[in-house]
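Reviewing the structure listed below.
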Amino acid sequence: MNNFLIMARYQIKLLFRNYKSLILGFSLPIIMFFIFGNLLSNYQVYGDINLTSLLVPAYIPIIIINGVLVIYGQNFLVYKEQGNLIKYKLLGLRQITISTSMYFATLVFQILAVFVLIIFAYFTKGVEFPFSQSISLIGTFVLINILEYSIVFLLTSLVNKSVTYQSISLMIFYFQIFLGGLTFPPEMFPKFLKEIVYIFNPIIYGLEMMRDMWIGNKSFFDEGKNISILLLWSLFFFGLGFFFNKSNLNKNRDSKFVNVKQNT
């Protein structure tokens with residue numbers, strides 16, 4: 003536990019020194035809220051709810067995706083690529099400790115970015131935070147984190163180069179935010195596109211949950227269907243990740259065995 007706390011503190015300092023990622027991470031949802039809050043100010047959903055009040059629960063998943071998929075995944079693969087995981091292992095730190103501390107640093111970033119977005123939305127558009135739904139919103143926040151972490155787990159089992167990962171993660175990032183109803187509301191999608199999104203882009207179920215929690219329509223455990231779908235997708239990505247990790251380990255063992263045999 004002491005190793006984790008020391009490493010987490012170090013990772014937080016390291017993350018917050020990366021001003022470029024921080025500025026983008028904090029400013030992107032705010033800029034989007036400012037632009038789309040004005041563009042879609044007259045657009046209503048669920049009958050009589052102004053869309054501006056539902057932009058915050060749509061942009062919280064964007065913060066999560068950026069934090070987990072882009073920042074955490076990229077940093078973890080850089081560590082792996084540079085051999086830092088092995089170096090720390092020689093110092094007595096397990097990979098799970100390093101990985102968890104890096105994730106914790108990203109989680110701190112996510113929470114701060116969400117607070118900044120909520121404060122900005124309140125002072126510019128009068129969007130109030132539903133404190134009565136705090137527990138349900140936190141549960142949804144955690145569930146989306148699990149989904150994004152499972153995607154990172156899969157990608158890092160397939161990709162060994164940080165440059166390659168960066169390109170792929172950004173493609174998935176834009177796919178999720180633009181075709182997941184996070185930027186433009188799914189109500190604006192054509193019917194055929196909406197059907198495709200609900201099949202291939204599970205983040206939209208996270209959006210539905212965030213919206214329901216925000217406007218107080220449901221509590222967390224009323225969302226059985228959406229919770230199940232998000233967990234099933236997460237298990238699917240984790241399963242694929244474990245499969246490819248095992249395949250890579252077997253290949254490495256076979257390669258070492260062949261090299262030893264050739265040398266003898």
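Positions in the sequence shown are counted from 1; adding 2 to them yields the numbering used here.
Where is the CB? At the ideal position from N, CA and C, for every residue including glycine.
Since the structure is predicted, the reported quantities are computational estimates derived from the model, not experimental observations.
**OP:** Closer than 6 Å by C-beta to residue 2: which residues in its own chain qualify, once you throw out the five before and the five after it? Chain order, please.
**Re:** As displayed, the chain neither begins before 3 nor continues past 266, which places residue 2 out of reach and without an answer.
Subject >> CA-to-CA distance, residue 125 to residue 114, given in whole angstroms >> reply: Here residue 114 refers to the residue found at position 112 of the sequence shown. Here residue 125 refers to the residue found at position 123 of the sequence shown. So the alpha carbons of these two residues sit roughly 17 Å apart.
**OP:** Using alpha carbons as the reference points, say which of 129, 227, 241 lies closest to residue 285.
**Re:** One cannot answer for residue 285 here, as it falls past the ends of the chain, which runs 3 to 266.
**OP:** Go through its chain and collect everything with a Cβ distance to residue 177's Cβ below 8 Å, but skip five positions before and after it.
**Re:** Within the sequence shown, numbered from 1, the residue matching residue 177 stands at position 175. Excluding sequence neighbours, residue 177 sits near 203.
**OP:** Compute the beta-carbon to beta-carbon distance between residue 87 and residue 97, rounded to the nearest angstrom, for a pair I have assumed lies under 8 Å.
**Re:** Start at 1 with the first residue of the sequence shown, and residue 87 comes out as number 85. Start at 1 with the first residue of the sequence shown, and residue 97 comes out as number 95. Yes, residue 87 and residue 97 are in contact; Cβ-Cβ is about 5 Å, under 8 Å.
Original post:
By DSSP, does residue 203 sit in helix, in strand, or in coil?
Top reply: For the purposes of this step, residue 203 is identified with residue 201 of the sequence shown, where counting begins at 1. Coil.
**OP:** Output the boundary residues of the alpha helix (DSSP H) element that contains residue 104.
**Re:** By one-based count along the sequence shown, residue 104 stands at place 102. Looking at the DSSP string, the run of the alpha helix (DSSP H) that includes residue 104 is 97–127.
**OP:** Check whether the stretch 174–190 touches the stretch 54–71, counting contact only when three or more Cβ pairs, one atom from each stretch, lie closer than 8 Å.
**Re:** yes
Original post:
For residue 110 versus residue 62, is the C-beta spacing smaller than 8 Å?
Top reply: Residue mapping note: residue 110 aligns to position 108 of the sequence shown, counting from 1. Residue mapping note: residue 62 aligns to position 60 of the sequence shown, counting from 1. No; because the gap between Cβ atoms is not below 8 Å, this pair is not in contact.
Subject >> Those residues which DSSP pairs with residue 52 across a bridge >> reply: On the sequence shown, position 50 is the one that residue 52 refers to. DSSP output for residue 52 lists 46 as bridge partner(s).
Original post:
In angstroms, rounded to a whole number, what distance separates the CA positions of residue 2 and residue 229?
Top reply: Summary: the structure shown does not reach residue 2, with the chain confined to residues 3 through 266, and so no result is reported for it.
**OP:** Rounded to whole angstroms, what's the CA-CA distance from residue 81 to residue 152? Just pull it up for me.
**Re:** In the sequence shown, residue 81 corresponds to position 79, counting from 1. In the sequence shown, residue 152 corresponds to position 150, counting from 1. Cα to Cα, residue 81 sits roughly 19 Å from residue 152.
Subject >> For residue 232 and residue 26, the rounded distance between their alpha carbons >> reply: Here residue 26 refers to the residue found at position 24 of the sequence shown. Here residue 232 refers to the residue found at position 230 of the sequence shown. Rounded to the nearest angstrom, the two C-alpha atoms are 27 Å apart.
**OP:** Check each candidate in 21, 222, 163, 123 and name the one with the smallest Cα separation from residue 56.
**Re:** Along the sequence shown, one-based indexing puts residue 56 at 54. Closest by alpha carbon: 123.
**OP:** Please report the Cβ distance between residue 28 and residue 118, rounded to the nearest whole angstrom; I am assuming they are in contact, meaning their Cβ atoms lie under 8 Å.
**Re:** Taking the sequence shown and counting its residues from 1, one reaches residue 28 at position 26. Taking the sequence shown and counting its residues from 1, one reaches residue 118 at position 116. Correct: roughly 6 Å between the Cβ atoms.
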